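These notes concern the structure reproduced below.
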Amino acid sequence: MSVYKVIELVGTSDKSWEDAAKQAIDMANKSLRDLRIAEISKMDVRLDEGEIVEYRVRVNVSFKYED
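Numbering follows the numbering used here, with no gaps: position 66 of the sequence shown is 128.
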């Protein structure tokens with residue numbers, strides 16, 4: 063049997079939502095082992111004077127829990 067922990071990350075990018083998600087997952091992969099699932103729970107943008115300046119995604123990432 064296995065137990066998995068789910069955490070929420072926020073990735074950002076000035077290019078796209080896809081790149082923002084990749085940034086979050088790449089960073090998580092540096093410090094967490096055995097990543098299993100990444101689920102996008104929310105996407106939004108940051109605006110400056112009505113122009114998109116940053117794409118943001120909330121990513122729920124699951125990984126195997128070890129004691």
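By construction, the Cβ of each residue, glycine as well, lies at the ideal position given by its N, Cα and C atoms. Being a predicted model, the structure only gives us computed values, none of them experimental.
Secondary structure of Asp96, DSSP reduced to three states: Asp96: coil per DSSP, three-state reduction.
Return yes when the Cβ of Arg98 is within less than 8 angstroms of the Cβ of Ser75, no when it is not. No, the pair does not count as a contact, with Cβ atoms beyond the cut-off.
Thinking C-alpha only, which one of Met63, Val68 and Ser64 is nearest Ile102? If we check each option's Cα against that of Ile102, Val68 comes out closest.
Could you give the residue range of the beta strand (DSSP E) that holds Ser75? Looking at the DSSP string, the run of the beta strand (DSSP E) that includes Ser75 is Tyr66 to Ser75.
Does DSSP put Met63 in a helix, in a strand, or in coil? In this structure, Met63 counts as coil in the three-state DSSP scheme.
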